[in-house]
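As structure tokens, the structure follows; a few thoughts come after it.
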Amino acid sequence: MAMQGQRRDAMALTRQGERAFEKMEKINAELFVVTYGSLVMQLLQDNSDNVDVVNKELDTIGYNIGVRLIDEYLSKSMTPCKSFKDTAEATAKVGFKMFLGVSAHVHNWSEDGKSYSLILEDNPLTTFAELPDRYSDLWYSNVLCGVIRGALEMVSWKVEVAFVKDQLKGADCTEIRVTLLKQVSEAFRQDDD
Amino acid sequence: MPQLVAIAIIGRHSIPLFVETYGDVSEETELWLQCTMVSSLDPIEERVRTILSQDPKGAGFDNKYLGAVMPAGEYHVHAATSNTLVKLLAITRGTARDMELKNLLRTLHDMYTDQVCNPFYELETPITSATFRQRVGKLVNDTQLKQP
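Just so you know, the protein sequences line up as chains A and B, in that order. Numbers 0 to 192, taken from numbering that gives the first Met the number 0, label the letters of the first sequence in order. Numbers 0 to 147, taken from numbering that gives the first Met the number 0, label the letters of the second sequence in order.
See below:
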């Protein structure tokens, strides 16, 4: 019975994701993909091909996007999340679907329930890209990690997000690991007179 | 039956970006085919200039398929070009119908545009992508040429 309940929830979230996707304004995918590619190339150029620095920059850029995107997500998605587990499914089925047009799967929950993987079978950001050997340490779509980190922080979940596998590097799927560091509760400051 | 023996993509500055021969061709013929492709650039330019001079607005320059630009014995060089001055060549042994070659070159152009969208590909440099070579190889295999 519990399994049936879970399946119903998953389907409900998938439908929610599709509904939210319908409400979003769309732009040309090729333009978006080529723009992102140019961004990555420019970062590589600006940082003399230092892949570690570019990975961090992409994460920071993503973070700045995530902290803003979360409000749009909350207003269009209407998926209340009561637990960290809920946020995982919502990110995968609703968040990814709304903004990237593709949904992800949640896998490999850790025993303590504080860490999970998001698996993407299809990453639109890498549509035309082929990673050359000299950039083999580059996480091309690292912006996604920053977005998730920024968005979750704004709803009180402080997380660490990092790529584990990337199809661009020849892996069978794209895997992002999300780990909960702590839940930040809003503390209202006492105003001193 | 006409056969596709070579495909080439030449960049705007006449640098060969992709050259590949197919089927049973001896090394000598391979080299000769490559020379032929390069030497066909002049007639191509000539043809483009003629078309544009007759039709300055370029309104009739539809899809830039130039057809057979240069006979070379039993081989025929067919070309298509784009406004970005990229030239796509297909060499056949024996004469083949325009229709299939036009479609082939159009599909080749689509593959080239996909390659160009790879942010790591430096424009006007030789294409080294194995995926690209595979795709073109498959296209060549799948194309059935017919006699006119």
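We put the CB at the ideal spot given by N, CA and C, even for glycine.
Item, Value
"Are the C-beta of residue 59(B) and some C-beta of chain A separated by less than 9 Å?", "Note on residue 59(B): pLDDT 48, under 50, position unreliable in the model; no value is reported."
"The region 117-142 of chain A: which residues have C-beta closer than 8 Å to a C-beta of chain B, in chain order?", "126, 127, 128, 129, 130, 131 and 134"
"Check each residue of the region 113-142 of chain B: if its Cβ is closer than 7 Å to any Cβ of chain A, include it; give the result in chain order.", "113, 116, 117, 118, 119, 128 and 130"
"Look up residue 137(B) in the DSSP assignment and say whether it is helix, strand or coil.", "helix"
"Given that a residue counts as buried once 16 or more other Cβ atoms are within 10 Å of its Cβ, and exposed if not, what is residue 98(B)?", "exposed"
"Taking CB distances under 9 Å as the criterion, tell me whether residue 29(A) reaches chain B.", "yes"
"Pick helix, strand or coil for residue 7(B), following the three-state DSSP scheme.", "strand"
"Along the chain, where does the beta strand (DSSP E) containing residue 133(A) start, and where does it finish?", "Element bounds for residue 133(A): n/a, residue is neither H nor E."
"Quick one: does residue 10(A) have its CB under 9 Å from some CB of chain B?", "no"
"Expressed to the nearest angstrom, what Euclidean distance is found between the alpha-carbon atoms of residue 140(A) and residue 0(B)?", "48 Å"
"Please classify residue 26(A): is it buried, with 16 or more other beta-carbons within 10 angstroms of its beta-carbon, or exposed?", "exposed"
"Can you tell which of 95(B), 30(B), 72(B) and 51(B) has the C-alpha that lies nearest to the C-alpha of residue 80(B)?", "51(B)"
"Please list the partners that residue 36(A) has in chain B, where partner means a Cβ-to-Cβ separation under 7 Å.", "118"
"Check each candidate in 103(A), 130(A) and 21(A) and name the one with the smallest Cα separation from residue 120(B).", "130(A)"
"On a CA-only basis, which of 47(B), 5(B) and 39(B) is nearest residue 28(B)? Give me that one, please.", "5(B)"
"Compare the Cα-Cα distances from residue 11(A) to each of 107(A), 64(A) and 89(A) and report the closest residue.", "89(A)"
"Tell whether a beta-carbon distance below 9 Å holds between residue 76(B) and residue 35(B).", "yes"
"Among the residues of its own chain, which have a CB less than 7 Å from the CB of residue 13(B), if the five just before and after it don't count?", "40"
"Which of the three DSSP states, helix, strand or coil, is assigned to residue 195(A)?", "In the structure as shown, chain A begins at 0 and stops at 192. Residue 195(A) is therefore absent and cannot be evaluated."
"In this structure, how does DSSP classify residue 122(B) when only helix, strand and coil are distinguished?", "coil"
"Measuring only from the beta carbon, is residue 171(A) closer than 8 Å to any heavy atom that is part of the ligand ATP?", "For the structure depicted, the ligand ATP is absent and the ligand set is empty, with no information on it obtainable."
"Leaving out the 5 sequence neighbours to the left and right, which residues in its chain are closer than 6 Å to residue 125(B) when beta-carbon positions are compared?", "16"
"How big is the Cα-Cα spacing for residue 123(A) and residue 46(B)?", "40 Å"
"Could you compute how far the alpha carbon of residue 59(A) sits from the alpha carbon of residue 11(B)?", "38 Å"
"Counting along the chain, where does the beta strand (DSSP E) carrying residue 175(A) start and finish?", "173-182"
"Closer than 9 Å by beta-carbon distance: list the chain B residues that pair up with residue 40(A), in chain order.", "118 and 119"
"Just mark residue 183(A) as buried or exposed, buried being the case when its beta carbon has 16 or more other beta carbons within 10 Å.", "exposed"
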